[in-house]
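In the numbering used here, the protein residues as written are 274 to 437.
Virtual Cβ for every residue (Gly too), placed ideally from N, Cα, C.
Since we're looking at a predicted model, the values are computed, not measured.
Below you'll find the structure, written out as structure tokens, and then a few comments.
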């Protein structure tokens, strides 16, 4: 079998069900020219999703990741602009950023692509990118993921209010 023969569904399913975390990871890792196409494909499958990016180093990177995630998720209609959904997104980002707390990310720059995906009341955030020291050809791939189940409020897209 050749790699070209695989479909996205071959990568996002776990035991016959679509994995929210795998979808978020796919969004964070897809080649930039396919961003729009892959987000539209996942939306047709019932996901609410968006891709954003952030760059910087140390605390600046963490702040940019959180701000960009909040802005993209609200603007992209993945979450509602209310405290509960913002809290859930913040927790997902916090979990995804755990591996970004090492010494490399505090002294060097990072460029991160971020996939944010919702299905029903569940939310996942995945980060993928490179961290490195400018001018030294010392780049390392880095990734992280945070998932929160049953935390989002409001309408999950099926036309019914689940809880407030």
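- Per the DSSP secondary-structure output, residue 286 pairs in a beta bridge with 291.
- Considered as a whole, the stretch 321-345 harbours 321-329 as its complete beta strand (DSSP E) runs of no fewer than 3 residues, in chain order.
- Beyond the five residues adjoining it in sequence on each side, residue 414 comes within less than 7 Å, by CB distance, of 403 in the same chain, given in chain order.
- Residues 384 of the same chain have their beta carbon placed closer than 6 Å to that of residue 328, with the five preceding and five following residues left out of the count.
- When secondary structure is reduced to three states using DSSP, residue 390 falls in the strand class.
- One thing to note: residue 363 has its Cβ no nearer than 8 Å to the Cβ of residue 341.
- According to the DSSP secondary-structure assignment, residue 401 is paired through a beta bridge with 386, 416.
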